[in-house]
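Position 341 of the first sequence, counting from 1, maps to 341 under our numbering, and the rest follow consecutively. Glycine residues also receive a C-beta, built at the ideal position from the N, C-alpha and C atoms. Worksheet: the structure to be examined is printed underneath.
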Amino acid sequence: AENAAIKNNRHPAEWTDFNIEHMKRQHRRMGFSYDWSREVSTCQPDYYRWNQWMFIRMAEKGLAYRKNARVNWCDECATVLANEQVVNGCCWRHETTPVHQKELVQWFFKITAYADQLLDDMKQLEGAWPDRVLAMQRNWIGRSEGTEVDFTLENTNEKIRVFTTRVDTIYGATCVILAPEHPLTARLVSGEGTAIVKGMIEYLANKEPGDIEKQGLFTGSYAINPYNNEKVPIWVGNFVLMGYGTGAIMAVPAHDERDFEFCTTYGIPITPVVRPATGEAAKLPFCEYGIVENSGQWNGLETAEARRQMTALAEKEGFGLGAITFRIKDWGVSRQRYWGTPIPMIHCKDCGVVPVPDDQLTVLLPPNAVFTGKGRSPLAMLPEFLNTTCPKCGGPAERETDTMDTFVDSSWYFYRYCDNKNDKAPFDSSKIAYWFPIDQYIGGVEHAILHLIYSRFWTKVMRDLGLISNDEPAARLFTQGMVIKDGAKMSKSKGNVISADSLVDQYGADTGRLFELFAAPPERDLDFTDSGAKGAYRFIDRVFRFVTRNADRATETGEQTEADRKVLRKLHQVIEKITVDFETRWHFNTSIAAFMELINEMYANEANLSGPVVTDVIERVILLLAPFAPFVCEEMWEITGRTGPVFKQTWPTFDPELAKEDGAEVVLQVNGKVRGRVTVPFGTTRDALEALAKQDEKVQQFIGGKEIVKVVVVPDKLVNIVVKG
RNA sequence: GCGGAGGUGGCGGAAUUGGCAGACGCACUAGCUUGAGGUGCUAGCGAGUUACAUCGUGCGGGUUCAAGUCCCGCUCUCCGCACCA
């Protein structure tokens, strides 16, 4: 079949299946034992075992724990989702299915304990990870420094703790606002109010984030400001988040836009307490920073200083403290799915939650699960899985039926890769010390706050467990762009997907590869166009034609020609360029452009090339193109009588002498404008260049009768004559 | 609103260290080849001009012999987050 294809001069595009078979054959010939039918998967039972082992170690340290929580729930998946897996209020796997809240007992990883480290260690990643990924993580972790202050519920000793970053504006606080879910809300509000609060919660749950209208309800109660003992009304506000800070805020309408909006809506007074610093214009309508006023003993202080001093007072008097709040929450890892690592915990009536002993791992998934897509996890419906005995007391007990989020697998699979046959431990630490951190990690930006934050967390946990010594999983990160079609990200719901299969059917896999690499540098999104793919197809054809019709010229004799020298020079320049592109910046689009220039040069000189040179050039051309279009290169390699697979050959080297141009082309400028050019031997002296420039006819036209102010000479590059008048 | 990345021909993009703007490709135009062309080849292709001068990298300034590249100010586009107190 191979030979028939060549004889019939079949087009490369038709070779796809044929070539896959061919590659397999090559592999067998070379004695590779890779089993093409088997996919590598992280979800192997031995991997479950080490996930479970890790989970138990984390539980021992309090880093894995169980609590009752309001969690995100996707009806489509019939499972819980982590906060990171909620995108625009919808499930990350079902972009149009809104997530809603459910109250459940769930397992969590204490990623919040590492919030500061995740933030601080970004210093190690600066410049080596893309800025936008670091920015997204910083934003997601959401550290903010502020003060917690206790207001007192009027006529009681009960404290209402609020979190603020601007305690310096507390004299301007004209009300305290509670989140609808705040425990105090239920106690202060009764009758009709209860229904209103319930309405607020429902309103929030069903509203797209971004266009939520502020709703408020006066509780009828008042709170005392500990700084000035003034009483302010207590409200409930739908825009106050229970999950952030303390779930209660003080509103300073004069200096905060959101508070202003709320207070003007409900007729709550506005008291300014900050004026602009001297010499600074008032920033309207909100003066955020400046000098404190209307604030008793603090008047005249700069806002930042007031903040420090007032926090210190709160700590001294015991009604508050400096506090750091994070936006990131603990990672909910329980899933009510069948797939995923079973959580290795046992619930005993008497002993509580007991981990499965190490020597009883792996807890395997039962093979006979029934999938209803409803109710409890499939595991909970199987008595043979569910019912067990307590490892501690031997009494009857139930297994945990939740499985782990599959992001657990991806958080450390690359460590297991280094020692994947180890059945004594997750891995041998010395092997990790050899390989880690990963020199270069490549992936999509969509994982910025999912996989890329989880794996950083997991690395720190394993380090603290004494398993590894690196702080970060990957020294460098590269995020590739997406394929865009008709101005939009390819997605099934938009129906604008170009499948790899159809591209392969139409043009062949090499064309698809070459087009993708040529259309844009890899970090950028690339626009798919059919004509662009056609261009790549045409180019491969062009290379193929040249190679096949010059394939058997090796035995020709003859002198080296001028054409030979030209083509060889270009060849060596291009080898250098592609080599450097590969080793440094990965701008394969420019590599391919250079390669195209080489092919153009070969076509232009084809008639005058000598046999030995053209044979030599063809060999290296195939080697150079192979990374971009491997299938057709394997074919050309065989057609031209060469043996062994291309991918086992060594990369061509370049000879700087052959790559060198005959001379330097020097640009002649007058007042920075190009007026001529000369070709000179490399290393021509400054004086000689200046003289040459002044002799140039065109240059003389422009300097004639004018005073030469200055002459700038850059050897081998340019001469710029500056004239006046 | 906050954060990040960008703006170069009709289009995708190149210019890596401040030194010829527009490499390479697509599209387009003309010609050749062909029985035919969804093939191949040759030439042209930023604007303007008969030609030259000239103008030209989002806009306005600046530094420099020289700026797409450096500095200051603005603007628009895309992406992420967003009532985070």
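Query, Result
"Give the secondary structure of M250 by DSSP, where H, G and I count as helix, E and B as strand, and everything else as coil.", "strand"
"Sorted by chain position, which residues of the same chain lie with C-beta nearer than 8 Å to W651's C-beta, five sequence neighbours on each side aside?", "T579 and L623"
"Considering just the uninterrupted stretch of the beta strand (DSSP E) at E707, what are its terminal residues?", "E707 to V714"
"From N157, V252, K316 and E181, pick the residue whose C-alpha is nearest to that of V167; which is it?", "V252"
"Specify, as a first and last residue, the run of the beta strand (DSSP E) that D150 falls within.", "S144 to L153"
"What's the call for E84, buried or exposed, on a 16-neighbour Cβ count within 10 Å?", "buried"
"What are the complete beta strand (DSSP E) segments, minimum 3 residues, inside the stretch 221-275?", "231-237 and 248-251"
"What are the boundary residues of the alpha helix (DSSP H) that N139 is part of?", "D131 to I141"
"Assign N51 to buried or exposed, taking buried as 16 or more other Cβ atoms, counted over all protein chains shown, within 10 Å of its Cβ.", "buried"
"Report the three-state DSSP secondary structure of V723 (helix, strand or coil).", "strand"
"Using a Cβ-Cβ cutoff of less than 6 Å, which residues in the same chain neighbour L477 once the five nearest sequence positions on both sides are dropped?", "W129 and Y441"
"Name the two residues that bound the continuous alpha helix (DSSP H) containing F407.", "F407 to R416"
"Going by the DSSP bridge assignment, what does H94 pair with across the sheet?", "H94 is not bridged to any residue."
"Can you name the start and end residues of the alpha helix (DSSP H) that L514 belongs to?", "A509 to A519"
"Could you please give the first and the last residue of the uninterrupted alpha helix (DSSP H) stretch that includes H451?", "H451 to D464"
"Cβ of A69 within 9 Å of Cβ of V105?", "yes"
"By how many angstroms is the C-alpha of A563 removed from the C-alpha of Q700?", "36 Å"
"I need the DSSP call for L718, collapsed to helix, strand or coil.", "strand"
"Could you check if A1 is buried or exposed, using at least 16 other CB atoms within 10 Å of its CB as the buried criterion?", "Because the pLDDT at A1 is just 34, under 50, the model does not fix this residue reliably, and the value given afterwards should be weighed accordingly. Label assigned to A1: exposed."
"For C393, count neighbouring C-beta atoms within 10 Å of its own C-beta (all shown protein chains included) and say buried if the count is 16 or more, exposed if not.", "exposed"
"Can you tell which of K349, M404, W412 and D405 has its C-alpha closest to the C-alpha of P396?", "K349"
"Under the assumption that L503 contacts A533 (Cβ atoms under 8 Å), give the Cβ distance between them as a whole number of angstroms.", "7 Å"
"Please work out which residues of its chain come closer than 6 Å, Cβ to Cβ, to W235, disregarding the five sequence neighbours upstream and downstream, and give them in chain order.", "C175, I177, G216 and F218"
"Short check: CB of V670 to CB of V680, under 9 Å?", "no"
"Quick check on the DSSP output: what are the complete alpha helix (DSSP H) runs of length 4 or more inside the stretch 286-333, in order along the chain?", "303-317"
"Quick one, are the C-beta atoms of Q137 and A626 less than 9 Å apart?", "no"
"Between which two residues does the beta strand (DSSP E) carrying W444 extend?", "Looking at the sequence itself, residue 444 is Gly, so the reference to Trp does not match. Unbroken beta strand (DSSP E) run through G444: Y441 to G444."
"Straight-line CA distance for V711 to E661?", "26 Å"
"Just reading off the beta strand (DSSP E) that P175 is part of, what are its end residues?", "Before going on, a small fix: residue 175 reads as Cys here, not Pro. Unbroken beta strand (DSSP E) run through C175: C175 to L178."
"Would you say N605 and V574 are within 9 Å of each other, going by their C-beta atoms?", "no"
"Give me the Cα-Cα distance between M242 and A59, rounded to the nearest whole angstrom.", "27 Å"
"Jot down the residue ranges of each uninterrupted alpha helix (DSSP H) in the stretch 635-684, minimum 4 residues, whole runs only, in chain order.", "656-659"
"Taking the alpha-carbon of L526 as reference, which of D510, N589, L571 and S410 has the nearest alpha-carbon?", "N589"
"Could you give the first and the last residue of the continuous alpha helix (DSSP H) run that contains V613?", "G611 to L625"
"Decide if I708 is buried, meaning its Cβ has at least 16 other Cβ atoms within 10 Å, or exposed.", "exposed"
"Per DSSP, which residues does V87 bridge with? Please list them.", "C90"
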